[in-house]
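In full-length UniProt numbering, the protein residues as written are 1 to 388. We treat Cβ as the ideally placed atom computed from N, Cα and C, and that holds for glycine. What follows is one structure encoded as structure tokens, with my remarks underneath.
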Amino acid sequence: MALADDRKAAHAGSPPASDAAASVTTPPAEDTPQVAPATTTTTTMGDSGILPASHWQIDPPTERDIDDDDDDDDDGDSALGTVISSTTSLSSSILNYRNIHGRTFHSDIGKAEAWTPNDETQTESMDINHHLCTLITGGKLHLAPIPDDIKKAIDIGTGTGIWAIDFADEHPGTEVIGTDVSLIQPGWVPPNLSFEIDDANQPWTWDDDTFDYVHLRCMFGSISDWPALYREAFRVCKPGGWIEDHENSIKIDSDDGSVAEDSAMGQWTKVFWEGGKRFGRTFRVVEEDLQRKGMEAAGFVDIVVKDIKCPVGPWAKGELEKQLGLFAKLVLETDIEGYVLYMWSAVMGWTKEETQVYIAHLRRQLRDPNVHSWYMHRIVYARKPLTA
């Protein structure tokens, strides 16, 4: 899929926020979709538009929908084998991880608050997402025009460390640091790479003008103060250095009405938006143009914004679009529980049983070929002025 938007905004003359969202071309569907009629329900929770847990007891899911091990997508199975890293995630037994309905989440460190687990199932999904992100960028690990001989780079929110490992392999002369709040990175890494436990919401510990390149990806729902995040990135970035941030919109949308507001995918968006308000970590990073605004306010210049419309499921015509959709679906299905559990249970207060019924409905919709869903992936990169 082509990068749908490419805009530069100098620090003094960036476009207004109302113009920030990119105009994109919808991936063409194979056939005219047959949209299932929406279920009529009037009961919602306040002004959020969130349907109560009891709504999902209507038209209960089948055993197949509930069985998260049942996946008849042979293409997905074969693709999975080609992209899962051979690296084994490391979960130290000495760390006191939180447990929510049988899934482990990182230890509380400072202001850190993670909405995804840090166990093996989730890290597998993270590694598939890394492959999806490299498909989006045409196989590149970065789009910022950094030179090959940079001395020092940092990956904030490194997760399993897979991006940092690949980047360190590509730049053997560069010292690379990956940071995260969970110790889930492998022990065997390139000699020029190290990992540190650190919370990006706290003041960063590195000196001013330390890094030639600051990389962030998928921090949505994890940051309490986005302007402060970019101010810290600006401070530690060397003059002439670059920052690059890849974020997803949490909103699952459609252009043909196949994602209704009262469907599982439609409610996914509403719960994440409301949940983000409740625990102070917004999921509206793309919608509120926080990347560009934050970088500009921090002092970065030559800001470039690229929006990519990513299908969910292999419904689009083009081969690349099919691959994007296949892996986007695979990311979710690999750990659909992990992406839902914290927000629905710990934040919204649903029981485990209520949450599992909703998950079954979401899985059913993911597998419906008549649903032509997509989300927006936004890449923003910028340069620190030489005179800063």
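Applying the 10 Å Cβ sphere with the 16-neighbour rule, what's the burial state of residue i?
| i | result |
| --- | --- |
| glutamate 274 | buried |
| isoleucine 162 | buried |
| glutamate 353 | exposed |
| isoleucine 136 | buried |
| glutamate 319 | exposed |
| aspartate 335 | buried |
| serine 54 | exposed |
| lysine 140 | exposed |
May I ask you to report which of helix, strand or coil DSSP gives residue i?
| i | result |
| --- | --- |
| asparagine 201 | coil |
| arginine 281 | coil |
| methionine 376 | strand |
| phenylalanine 220 | coil |
| tryptophan 321 | A quick correction: the sequence has glutamate, not tryptophan, at residue 321. In the structure shown, glutamate 321 sits in a helix (DSSP, three-state: H, G or I). |
| proline 311 | strand |
| leucine 341 | helix |
| glutamate 196 | strand |
| residue 443 | Summary: the structure shown does not reach residue 443, with the chain confined to residues 1 through 388, and so no result is reported for it. |
Considering Cα atoms alone, identify which of the options is closest to residue i.
| i | options | result |
| --- | --- | --- |
| proline 227 | His372, Asp289, Arg383 | Asp289 |
| lysine 384 | Ala298, Glu196, Ala168 | Ala298 |
| aspartate 169 | Ser182, Val181, Trp188 | Trp188 |
| residue 431 | Asp166, Pro190, Leu193, Ile197 | Given a span of 1 to 388 for the chain in the structure shown, any question on residue 431 remains unanswerable. |
| alanine 264 | Gly240, Gln356, Phe220, Pro203 | Gln356 |
| proline 117 | Glu337, His377, Asp255 | Glu337 |
Could you tell me the alpha carbon to alpha carbon distance between residue i and residue j, rounded to whole angstroms?
| i | j | result |
| --- | --- | --- |
| threonine 282 | aspartate 225 | 9 Å |
| isoleucine 243 | alanine 382 | 5 Å |
| valine 304 | lysine 317 | 28 Å |
| isoleucine 146 | glutamine 365 | 41 Å |
| tryptophan 344 | lysine 151 | 43 Å |
| arginine 231 | lysine 293 | 11 Å |
| glutamate 347 | arginine 278 | The residue you asked about is not glutamate; residue 347 is valine in the sequence shown. Each residue's Cα considered, the two are about 7 Å apart. |
| valine 286 | glycine 173 | 34 Å |
| serine 373 | valine 312 | 5 Å |
| glutamine 267 | isoleucine 50 | 6 Å |
| tryptophan 206 | glycine 159 | 20 Å |
| residue 424 | phenylalanine 195 | Here the chain has residues from 1 to 388 only, and residue 424 is not among them. |
| glutamate 333 | phenylalanine 167 | 27 Å |
Leaving aside the five residues before and after residue i along the sequence, list all residues of the same chain whose C-beta is less than 6 Å from its C-beta, in chain order.
| i | result |
| --- | --- |
| proline 369 | none |
| valine 340 | Ile359 |
| isoleucine 154 | Ile177, Phe211, Val214 |
| valine 380 | Asp245, Gln291, Arg292, Val305 |
| isoleucine 250 | Phe272, Phe283 |
| proline 314 | Lys322, Gly325, Leu326 |
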